[in-house]
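Enquirer:
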Amino acid sequence: MSPRPQRKEPTMSFVISPHFLRRALLADAALSGATGLLMLAAAAPLTGLTGLPEALFRWAGASLLPFAALVAWLGTRERPARGAVVAVVVANALWVVDSVLLLALGWFEPTAVGHAFVAAQALAVALFAEAQVIGLRRAQAAA
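45 is the number of the first residue of the sequence shown in my numbering; add one for each residue after it.
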């Protein structure tokens, strides 16, 4: 009786792809840009819905657009500069910390929708930062 052929477990080629870091950067850029445009274009309605100040939406939205452009540019490089990616990860981490502090310290009185909005975007940003760190580690290991 011949031995049974070994079955290969499926791999997550996206996660181990050498392009993972670039994809994580481009996804971050797309969501950051879309969120920035939303915050700028709909600051007044978002204020009514979330209980957060209109100026906060305008400032945050305006700051996200150049960030998104930089991150998109990095994502289009064949080998994004490590220092630049680390700066993006740090900026994302600061965004998450600020979001948590905004909710925890009572700087504002957001509605339930406001709490959910801040928490959801903080979670998304944290996941992007984690994906970028994983991508950096994999790129370094492959080099």
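Cβ atoms here follow ideal geometry from the backbone N, Cα and C, with glycine treated the same way.
Since the model is a prediction, treat every value here as computed from it, not as a measurement.
Among the candidates 125, 160 and 140, whose CA atom is the shortest distance from the CA of residue 66?
Expert: For this step, residue 66 is matched to residue 22 along the sequence shown. Out of 125, 160 and 140, 125 has the C-alpha closest to the C-alpha of residue 66.
Enquirer: Are there three or more Cβ pairs, one per stretch, closer than 8 angstroms when the segment 146 to 153 is compared with the segment 101 to 113?
Expert: Not touching, per the Cβ criterion.
Enquirer: Closer than 8 angstroms by C-beta to residue 159: which residues in its own chain qualify, once you throw out the five before and the five after it? Chain order, please.
Expert: For the purposes of this step, residue 159 is identified with residue 115 of the sequence shown, where counting begins at 1. Correct list, in chain order: 147.
Enquirer: Please name the residue, chosen from 97, 95, 91 and 107, that lies closest to residue 81 on a Cα-to-Cα basis.
Expert: Residue numbering aside, residue 81 sits at position 37 when the sequence shown is read from its first letter. Among 97, 95, 91 and 107, the Cα nearest to that of residue 81 belongs to 107.
Enquirer: Judging by CA-CA distance, which residue of 180, 78 and 177 is the nearest neighbour of residue 113?
Expert: Position 69 of the sequence shown, counted from the first residue, corresponds to residue 113. Cα-wise, what sits closest to residue 113 is 78.
Enquirer: Under 8 angstroms by Cβ, that's how I've got residue 136 and residue 162 pegged, so tell me the actual separation to the nearest angstrom.
Expert: Sequence index remark: in the sequence shown, residue 136 carries index 92 (1-based). Sequence index remark: in the sequence shown, residue 162 carries index 118 (1-based). 15 angstroms between Cβ atoms; not a contact.
Enquirer: Which whole-angstrom value describes the C-beta separation of residue 91 and residue 157, a residue pair presumed to lie in contact below a C-beta threshold of 8 angstroms?
Expert: For the purposes of this step, residue 91 is taken as residue 47 along the sequence shown, with counting starting at 1. For the purposes of this step, residue 157 is taken as residue 113 along the sequence shown, with counting starting at 1. Residue 91 to residue 157, Cβ: 11 angstroms. No contact.
Enquirer: Count the other CB atoms, across all protein chains shown, that sit within 10 Å of the CB of residue 134; report buried if there are 16 or more and exposed otherwise.
Expert: The residue given as residue 134 occupies position 90 in the sequence shown. Counting Cβ neighbours within 10 Å, residue 134 comes out exposed, since fewer than 16 surround it.
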